[in-house]
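Peer 1: Please find one structure pasted underneath; my questions will follow.
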Amino acid sequence: MRIMSLNAWGGTLHGPLLRYLASEAPEVLCLQEVIHSPDTGKADLIYRDGDHVLPQRANLFTEVAAVLPEHAATFCPAAQGMLWDGETPVPSRWGLATFVHGALPVIGQAQGFVHKGYAPDGFGAHPRSRSAHAVRVFDQARGRAVSIAQMHGLRDLRGKMDTPERAAQALRFRELLAQVAEPGDLRVACGDFNVEPGSETLRLLEASGLTELVTQRGFAGTRSAQYAKPGKFADYMLVNDAKAVRGFTVVRDPEVSDHCPLLLEV
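If you count by UniProt numbering, then the sequence shown holds residues 1 to 266, one letter each, in order.
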């Protein structure tokens, strides 16, 4: 079974992204920064947050679902705010999406918030609402259940330092995974955590018996060349049984986002 985690960057590089996902088609895809704007037929919109202006793919969720037709798709919104078509505001939802191949029965799942709650009237000030999603699937070939949780961690304009909000977020994320996992499950926690190696977030997750793979296996970062700022770590993948890992890599080619896909084979 292959499990991928990726911050999709709102579909800024949607062409390479969609081609890559269609070609790779991991059995479980955990996708962050997903846009869903079902009330518009526009393909592209613009995100504006002060000086931060970024192209966004208006219905990235629908487009990814289309290139993964054998997967069940779940969208988990964190907020609804406005993207822009020129000077026209377009209501758009922002959050996570999880795609599970039909060969894997989903035998449990939980969706919730690790910071604040659903924001229906705008994206709001940072740090914004953050959702998380966990699924429990049964791997028939191996005769075992695998529980997988993803989140997109808080963005703090001051940086990626430890904060009380990030600690509380990590504990809620840990609890969400515990809601679906049962004794004997292979457990996987992943996502764009927006923290540095050695952070309190990672320590709290590791305290629950998880092993972090990105730094343990010597990868120098998880940001692609599209990301020009300092600090090349943001994304992490943790497992509770390192012996179950058949392969793990940070994918640098092709570039499909300003983040690199994390690809785990168990």
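Even for Gly, the Cβ is constructed at its ideal location relative to N, Cα and C.
(1) According to DSSP, is Gly10 helix, strand or coil?
(2) If I'm right that Thr201 touches Gly153 with Cβ under 8 Å, what's the distance once you round it to whole angstroms?
(3) From Asp258 to Ala119, what does the alpha carbon distance come to, in whole angstroms?
(4) Between Ala242 and the rest of its own chain, which residues show a CB-CB distance below 6 Å, the 5 nearest in sequence each way excluded?
(5) With a threshold of 7 Å on Cβ separation, who are the neighbours of Asp156 within its own chain once the five nearest residues in sequence on each side are excluded?
(6) Would you check if the stretch 214-221 and the stretch 23-38 touch, i.e. whether three or more CB-CB distances between them fall below 8 Å?
(7) Distance check for Gly95 and Ala43, CA to CA, integer angstroms please.
(8) Following the continuous beta strand (DSSP E) through Glu265, name the residue where it begins and the one where it ends.
(9) Rounded to the nearest angstrom, how far is the Cβ of residue 280 from that of Ser92, given a contact under 8 Å?
(10) Are at least three pairs of beta-carbons, each pair with one atom in the stretch 244-263 and one in the stretch 3-18, less than 8 Å apart?
(11) Using DSSP with H/G/I as helix, E/B as strand and the rest coil, what is Thr201?
(12) Just how far apart, CA to CA, sit Val195 and Val135?
(13) Tell me the DSSP secondary structure of Leu171 in three-state form.
(14) Apart from the five residues just before and just after Phe61, which ones in its own chain have a Cβ nearer than 6 Å to its Cβ?
(15) Short of 6 Å in beta carbon distance, which residues of its chain neighbour Met151, apart from the five on each side in sequence? Order them along the chain.
(16) So the alpha helix (DSSP H) Phe61 belongs to, where does it begin and stop?
Peer 2: Based on what the coordinates show:
(1) Within the sequence shown, residue 10 is the residue found at index 10, counting from 1. Looking at Gly10 - three-state DSSP - the assignment turns out to be helix.
(2) Here residue 201 refers to the residue found at position 201 of the sequence shown. Here residue 153 refers to the residue found at position 153 of the sequence shown. The Cβ separation is near 7 Å, so the contact holds.
(3) For the purposes of this step, residue 258 is taken as residue 258 along the sequence shown, with counting starting at 1. For the purposes of this step, residue 119 is taken as residue 119 along the sequence shown, with counting starting at 1. Approximately 26 Å, taken between the alpha carbons.
(4) The residue you call residue 242 lines up with position 242 of the sequence shown. Answer for Ala242: Thr211, listed in chain order.
(5) Locating residue 156 in the sequence shown gives position 156, counting from the first residue. Around Asp156: His126, Pro127, Thr163.
(6) no
(7) Along the sequence shown, one-based indexing puts residue 43 at 43. Along the sequence shown, one-based indexing puts residue 95 at 95. Those two C-alpha atoms are separated by around 18 Å.
(8) For this step, residue 265 is matched to residue 265 along the sequence shown. 262-265 is the extent of the beta strand (DSSP E) around Glu265.
(9) Lying before the first or after the last residue shown, residue 280 is absent from the chain, which here runs from 1 to 266.
(10) yes
(11) Here residue 201 refers to the residue found at position 201 of the sequence shown. It is helical.
(12) Taking the sequence shown and counting its residues from 1, one reaches residue 195 at position 195. Taking the sequence shown and counting its residues from 1, one reaches residue 135 at position 135. Whole-angstrom Cα-Cα distance: 23 Å.
(13) Locating residue 171 in the sequence shown gives position 171, where the first residue counts as 1. Here Leu171 sits in helix by DSSP.
(14) Here residue 61 refers to the residue found at position 61 when the sequence shown is read from its first residue. The residues are Val34, His36, Phe75, Ala97.
(15) Taking the sequence shown and counting its residues from 1, the one referred to as residue 151 is at position 151. So the list reads Val114, Ala132, Phe173, Gly191, once near-sequence residues are dropped.
(16) Walking along the sequence shown from the start, residue 61 turns up at place 61. That run of the alpha helix (DSSP H) goes 60-67.
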